[in-house]
Structures are given as C-alpha cells and as structure tokens.
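First up is the structure itself, then whatever we jot down about it.
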Amino acid sequence: MVEIVRSTVLDAPLEAVWQLLRDFATAVPIPVADAVGALEGGKDAASVGASRIAGPWRERLIELDERNHSLRTCLVDSPLPLYGYVARQQLRRITDGEGTFWQWRASFATDPYREADLVARVADEVIAAGFATIRARVARTRASSSLPSVSRVARASAPVARREEGPIETSLVMVSRHGGPEVLENAQANVLPPGPGQVRVRQTAIGLNYIDVYCRTGAYPLLTPPGTPGMEAAGQVIDVGDGVVGFLPGDRVVYAAPPVGAYAGVRNVTADSLVIIPDGIDDETAAAAMLKGLSAEYLLNRVHRVRAGDRVLVHSAAGGVGLLLCQWAKKLGAVVLGTVSTPDKARLAREHGCDYPIISRGTDFLKPVQDATKGKGCDVVYDGIGRASFLESFEALAPLGHLVSYGQASGALAPFDPAILSRKSASLSRPVLFHYTANPETLRAMAANLFAAIGEGLRASPRQRYKLSDAARAHRDLEGRRTVGASVLVP
245 MVEIVRSTVL DAPLEAVWQL LRDFATAVPI PVADAVGALE GGKDAASVGA
295 SRIAGPWRER LIELDERNHS LRTCLVDSPL PLYGYVARQQ LRRITDGEGT
345 FWQWRASFAT DPYREADLVA RVADEVIAAG FATIRARVAR TRASSSLPSV
395 SRVARASAPV ARREEGPIET SLVMVSRHGG PEVLENAQAN VLPPGPGQVR
445 VRQTAIGLNY IDVYCRTGAY PLLTPPGTPG MEAAGQVIDV GDGVVGFLPG
495 DRVVYAAPPV GAYAGVRNVT ADSLVIIPDG IDDETAAAAM LKGLSAEYLL
545 NRVHRVRAGD RVLVHSAAGG VGLLLCQWAK KLGAVVLGTV STPDKARLAR
595 EHGCDYPIIS RGTDFLKPVQ DATKGKGCDV VYDGIGRASF LESFEALAPL
645 GHLVSYGQAS GALAPFDPAI LSRKSASLSR PVLFHYTANP ETLRAMAANL
695 FAAIGEGLRA SPRQRYKLSD AARAHRDLEG RRTVGASVLV P
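The sequence shown begins at 245 in the working numbering and counts up one residue at a time.
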C-alpha cells in the first residue's frame with residue numbers, strides 16, 4: 245500500500261470549514277477537475293453510505309465523525325488503477341488565532357510501474373487541488389460576510405494553549421550528584437523553542453516511577469549529574485519544531501520514554517515518543533498509567549502471552565505496575581497470585597484482581613505459592629524485585645515456566661549458572677520496555693491497547709499526588725513502601 249499525507253492551514257474557524265467539508269454532495273470530489281456529481285439514491289449529503297458520481301468516478305462516504313471533525317471516503321469506481329483507495333480528512337483547531345489545520349491522508353495499492361506517477365497525481369490533482377478549492381470557497385464566503393467568526397461560535401471544547409516564540413522559564417528538579425533523595429534540588433531554567441522533530445510541552449502531571457530512583461542513585465546509567473530525572477509526563481502542546489506532523493498547539497499528549505528530564509514544568513520532547521491522550525482520560529491518569537501501563541501491556545502480551553487458565557505470580561502486587569498486572573491478567577482469564585508487604589496492601593491487591601495475595605517481604609513466598617497451586621507452581625512469574633527474590637521465584641515456577649525479571653528494586657541479580665534453568669526446562673527473560681516502544685508505530689499500538697483497557701474498566705488513576713517541589717519526599721515514600729499504586733508529581 246502507498247500512503248500520502250498532506251496538510252494545510254486555512255484562515256477560517258474550524259466550524260465554518262467543517263460545514264463546507266462535511267457536505268458530501270458539494271465537497272471536493274475525485275478528481276477535482278471533473279464536475280461535481282450528484283448523490284445516488286437521494287441520500288442525505290452527510291449520510292454514511294452515500295455515494296456520488298463525477299464522470300467515471302464513484303466515491304462513497306464511509307465515516308463521518310462530527311465530534312472529531314473527520315470523514316473517510318473510498319473509491320468504488322475509478323478509471324485509474326487505484327486499488328483499495330481510502331482517504332481520511334480531519335480538521336483541527338489552531339488555538340493561536342482563528343485558523344484551521346486540515347490533514348488529508350490517502351492510501352491505495354497500484355501496479356508497481358504506475359506507483360510514482362499515481363502518487364504524484366493524487367498528491368497534486370486530488371489533494372492539493374482539493375485544498376485550493378475549499379480555500380477559494382472559504383474566501384468567497386468570507387467576502388460575502390456569511391462565514392461566522394470565532395466570536396460567534398461556541399468554543400467550549402477548544403484547547404487553551406497559546407503559541408510561544410522564545411524561551412520559557414520553568415521550574416524543575418535537578419540531581420546534583422548520585423545519592424539519596426536529598427540530592428533532588430529545586431531549580432529554574434529556560435526551555436528554548438523546539439528543534440526539528442521536537443514538541444514543546446507544558447506539563448500538567450509527571451509520573452513517579454522506581455526507574456527514577458535507579459537514575460537518581462546511579463543504578464541505571466541514564467542520568468549523568470547534574471541533570472533532571474523523570475521518564476513520563478502528560479501535558480499540552482505549546483508549539484512544534486520543523487518536520488513535526490500530527491501534533492498541534494493545544495493537543496493533550498503523554499509520553500514514557502528516554503531521555504530523562506520529565507521532572508519539569510515545560511520540556512521539549514521528541515515527537516516520535518508522544519501519544520495523543522484520548523477524550524475521557526484525564527492528564528493525571530495518563531501520566532500515572534503510561535509507563536506502568538505500557539509495562540503491563542508488553543509483559544502480559546509480548547514478553548509472555550498470558551492465556552486463560554495460566555497461573556501468574558506478580559511480585560509487589562499493590563505497586564503501580566503490580567495493580568495493573570493483576571487486573572489485566574485477571575481480565576485475560578489467569579489465576580493471579582501476588583506478593584505484598586502488609587494486610588492493607590493484600591486487600592488492595594485482591595480488589596484489583598489478585599486471587600491469592602501473599603504477605604511477604606520478598607523471600608518467604610514459596611510455600612504459599614505451592615499451597616495455592618496445589619504444588620503445580622506458576623506458569624509465569626513477573627519479578628520486579630530482583631536479587632532478593634530471584635532464586636525463590638525460580639523455585640515457584642511450574643515445569644516449562646517463564647521467569648520474567650523486569651526490575652531490580654532489591655539490587656541487580658547475582659551471577660548464577662544458567663544450567664539451573666534445565667531443572668524445569670524454564671525460560672528467563674530480562675526485558676526492557678524501551679526496546680519494545682522504540683518504534684513509534686509499535687508504541688502507539690501498545691498505547692491504544694492500554695487506553696482501550698482503561699476505557700473498559702482498568703483502574704489506573706494515581707493514588708498519591710505530590711507537588712513537583714516535593715519530589716524528595718515522594719522518593720522517600722516510594723522507597724519506604726509507603727505508597728500504593730501509582731503516584732504523580734504536579735508542577
């Protein structure tokens with residue numbers, strides 16, 4: 245399949261442009277050079293399934309989304325070899341002024357020897373000409389004073405971002421040297437306009453994760469002092485750099501990716517690491533859920549595909565990742581066991597899908613696991629504890645079981661003889677989330693799975709909130725096991 249993406253900006257309010265574009269009877273047909281054709285069957289101009297004919301061309305409206313100001317069409321008949329042609333057009337409001345961003349995305353297959361020619365023809369004769377036609381109609385209606393101004397159009401749903409041109413001063417947290425929570429220091433800095441491929445984001449919520457502790461202490465070589473920790477945040481786009489497509493000022497976005505630097509009010513982020521936050525998910529939930537939720541998604545669906553009836557052991561089952569693992573594994577039909585440190589956390593884990601909460605300090609869980617599984621062991625163990633729990637986690641496996649060591653809260657694994665795995669024909673994985681999310685398409689597919697799960701009831705909202713200036717206290721609580729579930733820092 246060939247895909248062509250083009251965009252333009254019209255100097256007119258979104259609502260007015262949408263009224264022109266959504267009228268399938270008079271909107272730009274394919275190709276523009278042909279006369280506008282009539283609708284077949286007397287259908288309404290904005291009715292999904294309506295077809296229009298323009299000479300040898302026949303086009304059908306297959307989707308009309310009033311809320312998101314988008315439509316999709318397909319070619320039913322064409323004199324050219326445009327096989328499976330589908331076009332999606334979407335309008336988005338530009339918050340700096342009264343402009344409208346219009347994106348046109350077309351995909352089709354064709355004969356290899358015609359591909360270059362047809363790509364050029366669709367880009368020029370269809371898309372570019374379509375932009376020009378609607379632009380001219382906007383100009384005519386504006387000249388006749390029939391085009392409504394933004395002041396006369398309800399804009400309750402419009403983002404409230406504004407475009408910035410120069411540096412923006414922001415508060416942030418610095419790590420002056422590797423060490424304990426006391427090395428986290430509050431500071432101020434200027435954030436320059438975004439460079440090529442970057443997006444400048446005004447952050448509204450920042451995820452607190454154990455990987456931030458690893459960076460602060462130097463256990464992970466991701467932060468060289470002085471520097472700013474943090475891998476995850478949500479916020480609103482301020483402006484975008486050259487070459488960025490798909491993001492506009494005012495968009496709500498979230499990310500969970502290196503490089504570190506999320507502990508800040510404003511930050512430049514690589515566009516490829518960003519994901520649009522769906523309507524219905526607030527910024528704090530997105531920031532709390534992104535890194536932990538993507539971790540749960542890849543652990544359950546990619547590192548080890550959990551199936552109905554699997555016996556699953558989740559360590560730190562009342563933690564941020566643990567609560568998501570328990571819920572999601574239960575939804576997949578697994579029998580879920582989980583280790584926790586207190587009775588209160590045991591109750592919380594049970595409320596989130598853990599069938600057998602086990603109160604443990606990470607080294608005394610083997611017998612309860614054997615009792616709960618009637619001696620069979622677990623098909624998979626998700627272990628984020630590391631050194632302290634590794635050997636006992638192995639013993640808790642069933643034959644052919646899979647030990648997934650995805651963290652090291654108690655320290656890195658001690659050296660061991662891999663031949664130990666042969667005792668159970670077991671497998672061992674030491675996966676890293678960011679290897680799975682390095683491809684933007686994979687990242688967005690994983691995020692879509694996560695957002696869908698949240699929409700279906702996966703509970704991911706933060707249970708603790710701290711001011712960004714209280715990051716040191718947040719780290720003390722996290723390391724002291726005084727938190728449950730997810731936490732966020734608020735700038």
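Virtual Cβ for every residue (Gly too), placed ideally from N, Cα, C.
Bear in mind the structure is a predicted one, so any value in this text is a computation, not a measurement.
Extent of the continuous beta strand (DSSP E) to which residue i belongs
i, result
"serine 673", "671-673"
"proline 643", "641-649"
"tyrosine 329", "327-337"
"asparagine 512", "510-514"
"leucine 563", "Leucine is not the amino acid found at residue 563; the sequence shown has glycine there. Run containing glycine 563: none; DSSP gives neither H nor E here."
"alanine 632", "Looking at the DSSP string, alanine 632 is not in any beta strand (DSSP E), and its letter there is neither H nor E."
"tyrosine 710", "708-711"
"serine 731", "731-734"
"aspartate 309", "301-309"
"arginine 296", "295-298"
Residue range of the unbroken alpha helix (DSSP H) whose run includes residue i
i, result
"cysteine 622", "Premise fails: cysteine 622 lies in the beta strand (DSSP E), 622-627, not in any alpha helix (DSSP H)."
"leucine 362", "359-365"
"isoleucine 455", "454-461"
Residue i (DSSP reduced to helix, strand or coil)
i, result
"isoleucine 602", "strand"
"leucine 722", "helix"
"threonine 377", "helix"
"phenylalanine 236", "The question about residue 236 has no answer here: the residues shown for the chain are numbered 245 through 735."
"arginine 750", "Examination of residue 750 is not possible in this model, given that the chain is present from 245 through 735 alone."
"glutamate 259", "helix"
"serine 351", "strand"
"asparagine 693", "helix"
"glycine 582", "strand"
"isoleucine 520", "strand"
"arginine 496", "strand"
"asparagine 430", "strand"
"alanine 478", "strand"
"leucine 687", "helix"
"glycine 577", "coil"
"methionine 245", "coil"
"phenylalanine 638", "helix"
"valine 489", "coil"
"leucine 702", "coil"
Close beta carbons around residue i, own chain, < 7 Å, minus the five adjacent residues each side
i, result
"glutamate 541", "Met690, Asn693 and Leu694"
"valine 565", "Lys536, Ser539, Ala540 and Gly628"
"alanine 398", "Any reading at alanine 398 must be qualified, since the residue scores a pLDDT of 29, below 50, and its modelled position is unreliable; the value itself is stated next. Closer than 7 Å at Cβ, skipping near neighbours: no residue."
"leucine 308", "Arg266, Ala290, Val292 and Leu315"
"histidine 548", "Val624, His646 and Val648"
Nonlocal neighbours in the same chain, by C-beta distance under 6 Å from residue i, ignoring five residues either side
i, result
"serine 390", "Note that serine 390 scores 43 on pLDDT, short of 50, meaning its location in the model is unreliable and no value can be drawn from it."
"threonine 252", "Trp346 and Phe375"
"asparagine 512", "Pro438, Gln442 and Arg444"
"tryptophan 348", "Arg250, Gln333 and Ile371"
"histidine 313", "Trp262 and Leu335"
"serine 517", "Tyr499 and Ala501"
Nearest-angstrom Cβ-Cβ length linking residue i and residue j, presumed shorter than 8 Å
i, j, result
"threonine 514", "alanine 478", "Contact doesn't hold; Cβ gap of about 16 Å is too wide."
"cysteine 570", "valine 580", "5 Å"
"glycine 451", "glutamate 476", "3 Å"
Same chain, Cβ closer than 8 Å to residue i, five either side skipped, listed in chain order
i, result
"serine 604", "Thr583, Val584, Ser585 and Pro612"
"threonine 472", "Leu416, Val417, Met418, Val419, Val504, Gly505, Ala506, Tyr507 and Ala508"
"serine 669", "Pro643 and Leu644"
"serine 654", "Gly606, Ile629, Gly630, Arg631, Ala632 and Ser633"
"alanine 658", "Arg631 and Phe634"
Problem set entry | Touch test, the region 482-496 against the region 591-600, Cβ-Cβ under 8 Å, three pairs minimum | no
Problem set entry | Meets three-Cβ-pair contact criterion under 8 Å: the region 673-685 and the region 645-655 | yes
Problem set entry | Stretch-stretch touch, CB-based, cutoff 8 Å, three pairs: the region 515-531 with the region 550-560 | no
Exercise. Below 8 Å, can you find three or more Cβ-Cβ pairs linking the region 700-707 to the region 489-506?
Worked result: no
Exercise. Okay, do the region 296-303 and the region 320-333 touch, 3+ Cβ pairs below 8 Å being the bar?
Worked result: yes
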